[in-house]
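Accompanying notes for the structure given below.
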Amino acid sequence: CGGESPITVTYKGAPIITMKHPFWAANWSWAGATVHTKSLGDGKYSMYGESRKLGLAIRGAASAKSDHVFEVRYKLVAARELKNIIGGGIEFRLDLKSDALPKSLAKPELLGDERGWRWSVAKDQALTVRFDPPVAKVYFERNNPSTIRVMLVGESLAAGPHEVTMTIELPKGGTMARSAAERYGPADVDNWLPNALSWATTPVDVSFLNHKPAGRHGFIRAE
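If you read the sequence shown in our numbering, its first letter stands for residue 4, the second for the next number, and so on.
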């Protein structure tokens with residue numbers, strides 16, 4: 004949890020699933036929201052953000068339910084009634100071509116009744132994302148299985164609060180991991196020296212030392 008993607012799923016150290024929260028007003032006019040996460044300790048997080056254009060506040064409480072099940076309880080609060088919009092919610096990006104994944108891996112599939120999606124990663128093992136109650140719509144963006152959109156908000160939304168719970172269940176062997184900021188502390192970059200290393204001269208290119216035959220340039224000297 005944390006970083007540019009509120010939730011990231013990694014495999015062998017490589018990020019294979021990231022997410023963001025896009026929203027659109029009428030005629031696909033961009034109204035996206037940036038959602039921030041904050042660690043509360045003990046595997047619990049708060050999430051907050053807003054779409055100013057839609058007058059929509061986004062709140063969330065996230066926690067690990069077990070070593071491989073993670074739950075996010077979203078609360079969307081509409082300041083006014085929304086009509087004739089595109090809507091929005093969550094966009095999952097899947098790196099189906101990651102070198103970390105087996106080449107014969109199955110494509111993700113959508114669950115029925117707008118309840119989420121599932122990705123089989125091995126025999127009798129799958130990563131599943133479920134929503135309760137069902138959302139407005141779940142679909143592959145332009146039929147591309149690497150981009151899954153979950154519309155928490157549809158073409159209209161009544162004013163007031165709306166709640167939905169997302170449950171992420173990892174396959175057998177999957178575990179929850181804290182973000183780098185949680186493990187090592189947040190990075191305080193205010194006192195960092197700007198341009199301490201010049202992009203034009205650092206690092207020094209010493210690839211020529213690999214030229215054959217070995218030793219043709221003599222001993223390495225520091226001058």
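Beta carbons are placed, not taken as given, at the ideal position from N, Cα and C, and that holds for glycine.
Taking a contact to mean a Cβ-Cβ separation below 8 Å, would you say Leu97 touches Ser149 in this structure?
Less than 8 Å divides the Cβ of Leu97 from the Cβ of Ser149.
From what residue to what residue does the beta strand (DSSP E) around Arg181 run? Neither: Arg181 is in no beta strand (DSSP E) and is coded neither H nor E.
Please classify Gly115: does DSSP put it in a helix, a strand, or coil? Of the three classes helix, strand and coil, the one that applies to Gly115 here is helix, per DSSP.
Gly52 bridges to which residues according to DSSP?
-> Gly52 is bridged to Val38, Ile61.
- [ ] Look up Phe143 in the DSSP assignment and give the residues it is bridged to.
- [x] Here Phe143 is bridged, per DSSP, to Ile151.
Answer with buried or exposed for Phe211, where buried requires no fewer than 16 other C-beta atoms within 10 angstroms of its C-beta. Around the beta carbon of Phe211, a 10 Å sphere encloses fewer than 16 other beta carbons of the protein chains shown; the residue is thus reported as exposed.
- Helix, strand or coil for Ala199 per DSSP? Residue state, collapsed to three classes: coil.
Review point. By a C-beta neighbour count over all protein chains shown, 10 Å radius and 16 as the cutoff for buried, is Val207 buried or exposed?
Key: Around the C-beta of Val207, fewer than 16 other C-beta atoms lie within 10 Å, and the residue is accordingly described as exposed.
Notebook entry, point to check: If we ignore side chains and look at the alpha-carbon of each, how far apart do Leu57 and Glu144 end up?
Noted result: Cα-Cα distance, rounded: 22 Å.
Pick out whichever of Ile88, Phe134, Lys15 has its Cα sitting closest to the Cα of Glu158.
The shortest Cα separation from Glu158 among Ile88, Phe134, Lys15 belongs to Ile88.
### Task
Could you please give the first and the last residue of the uninterrupted beta strand (DSSP E) stretch that includes Glu94?
Residue range 90 to 97 is occupied by the beta strand (DSSP E) that includes Glu94.
Checklist line | Contacting residues, own chain, Cβ-Cβ under 6 Å from Pro111 (five flanking each side not counted) | finding: Contacts found: Trp120, Trp122, Pro148.
On a Cα-Cα basis, can you pick out the residue from Pro164, Arg152, Pro197 that is closest to Thr21? Relative to Thr21, the option among Pro164, Arg152, Pro197 whose CA is nearest is Arg152.
Around the C-beta of Ser54, are 16 or more other C-beta atoms found within 10 angstroms, so that it is buried, or is it exposed? So Ser54 ends up on the buried side.
| message | Three or more C-beta pairs under 8 Å: does that hold for the region 76 to 96 against the region 59 to 68? | response | Touching, yes, given that three or more Cβ pairs across the two stretches are closer than 8 Å.
Check: Which of helix, strand or coil does DSSP assign to Ala109?
Finding: In this structure, Ala109 counts as coil in the three-state DSSP scheme.
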